[in-house]
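Notes follow the structure.
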Amino acid sequence: MPPPTTLTLLAQPLQQRRFRAPACSRAALLAAILAAAAVVTPFLAAYASHSLWLRENYFREQPTVTFLRSAMLFLTGQATTDGSAVSLFYSTDADLNVLFDAAVQVVPAIKSAEVDVNKDGRPDYLQFSVSVALPDTYDIHHTEARLLMQTMAFVDTASALPVSALDVDGELRLEQRVLLRAGVDAATYDQPVVNYTAEAVMPALTGAWGTAPLAWSRILQDYQERNFRTRLDHAPVSWTYFRGRGQALEIRGKVRYVEERVGYRPGAAEVLKFGWVQYLSLFLVAAAAARTLFTFCVAAQLVPTHVVVDAAPAPAGLSKGFKAYVY
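Under this note's numbering, think of the first position of the sequence shown as -2, with each following residue one higher.
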């Protein structure tokens, strides 16, 4: 009858060799050097690769944008009767309107809506339209539209031919000069882009318009000095030429709120965790290499040691095992 099939469930070495040496010996010194190298080398390697300490990090997130219902509109062109220049202006703020003569002011019909496509509670884009009723003798060639949202989206475009409509579709993108601080709200620029205070209005009323805070050149200069600002990117424009009699000038646009890559300076806990992961990944390699090298040096007797062979277990039917050997 053939023997039944057996499985090896546990295997133990019959004898185990132990390499021993005095505390003050070349073998002990080699073990100390390799242990120190296994600990220090990963730190030096990670530090030299400039990846040990996490100095900056990034995350992607779609911003929550709210339109403050604030806007400015500039239209320039010429009169068809005598060819004289025509400039028209509109602002949603009454303090800014007082700086312009009533003859150049227009009152357009403005519609806007913030649309949440994926129903996540955050608007995905702003849809707006501006309808300006103009005299039939006005031909408009140049349009500037500025939407103010504690930050700004700016469109400046011109056409050689008289136009009746302008369509623009762009993405509101973040421009970041400095890193955010982890866990700290950055509210430095939580203020209007245009300064409508009395200190800003009075220089313009007294004739110093070029240096007044409400001058468009000054507004752009102050805005460019911000560490955090936005721009309207990938914004192609489409003109509809020639305006019929009694037809209003139409300005239609869509400002998309896309996912942004935001940089920040990580906190101490994140820096330590990242550094530990970098160190540990190199330490495992260094420890395995140090152990392999030490095993080879001892087994090949490159450093003097004496070997102790443990006593073997007693075979079945015997009361004593084999004795230990030292050589």
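The beta-carbon is built from N, C-alpha and C at its ideal position, and this holds for glycine as well.
Does the beta-carbon of residue i have 16 or more other beta-carbons within 10 angstroms, so that it is buried, or is it exposed?
i      : result
Ser359 : Only positions -2 to 324 of the chain appear in the structure, and residue 359 is not among them; the question remains open.
Tyr254 : buried
Tyr238 : exposed
Ile137 : buried
Ala296 : exposed
Pro263 : buried
Gly80  : exposed
Pro39  : buried
Val165 : buried
Leu281 : exposed
Thr63  : exposed
Ile30  : exposed
Phe56  : exposed
What does a CB cutoff of less than 7 Å around residue i pick up in its chain, not counting 5 residues either side in sequence?
i      : result
Asp294 : It is worth fixing the name first, because residue 294 is Cys in this sequence and not Asp. Once the five neighbours on either side are set aside, the close Cβ partners of Cys294 are Leu27, Val300.
Glu172 : Arg226, Thr227, Arg228
Asp113 : Arg119, Pro120, Asp121
Thr134 : Ala76, Thr77, Thr78
Short of 6 Å in beta carbon distance, which residues of its chain neighbour residue i, apart from the five on each side in sequence? Order them along the chain.
i      : result
Val274 : none
Glu168 : Asp230, His231, Arg253, Val255
Ala35  : Ala283, Ala284, Ala287
Phe16  : Val295, Thr302, Val304
In this structure, what does DSSP give as the bridge partners for residue i?
i      : result
Thr227 : Leu171
Ser88  : Met69
Gly326 : Outside the shown range of the chain (-2 to 324) lies residue 326, about which nothing can therefore be said.
Lys108 : Ser126
Ile137 : Gly74
Leu177 : Tyr261
Gln102 : Phe86
Asp166 : Lys251
Asn54  : Tyr261
Ala43  : Paired residue(s): none; Ala43 is not in a bridge.
Phe16  : Val304
Contact defined as beta carbons within less than 8 Å: I believe residue i pairs with residue j. What is the distance between those atoms, to the nearest angstrom?
i      : j      : result
Ala68  : Ile107 : 7 Å
Glu111 : Pro120 : 4 Å
Glu53  : Gly241 : About 56 Å; that fails the 8 Å criterion.
Lys331 : Leu123 : For residue 331 there is no data in the structure shown, the boundaries of the chain being -2 and 324.
Ala179 : Glu267 : 7 Å
Thr227 : Met149 : 7 Å
Val127 : Leu177 : Not really, about 34 Å apart at Cβ, beyond 8 Å.
Ala25  : Ala33  : Going by Cβ atoms, the distance from Ala25 to Ala33 rounds to 13 Å, so no, they are not a contact pair.
Val129 : Leu246 : 4 Å
Pro60  : Glu257 : 6 Å
Ala224 : Arg170 : Residue identity differs from the one stated: residue 224 is Asn in this sequence, not Ala. Wrong, their Cβ atoms sit about 15 Å apart, outside the cutoff.
Under 8 Å Cβ to Cβ from residue i, same chain only, skipping five residues before and after it: list those, please.
i      : result
Arg23  : Val300, Pro301
Pro159 : Gly74, Asp136, Ile137, His138, Tyr238, Phe239, Arg240
Gly272 : Ala43, Leu49, Trp50, Leu51
Gln244 : Ser161
Tyr276 : Pro39, Phe40, Ala43, Leu49
Would you say residue i faces chain D, with C-beta separation under 8 Å as the test?
i     : result
Ala28 : Absence of chain D from the displayed structure is noted, only one protein chain being present.
Start-end ranges of the beta strand (DSSP E) lying completely within the segment 220 to 269, minimum 3 residues: 225 to 230, 234 to 238, 246 to 254, 257 to 262
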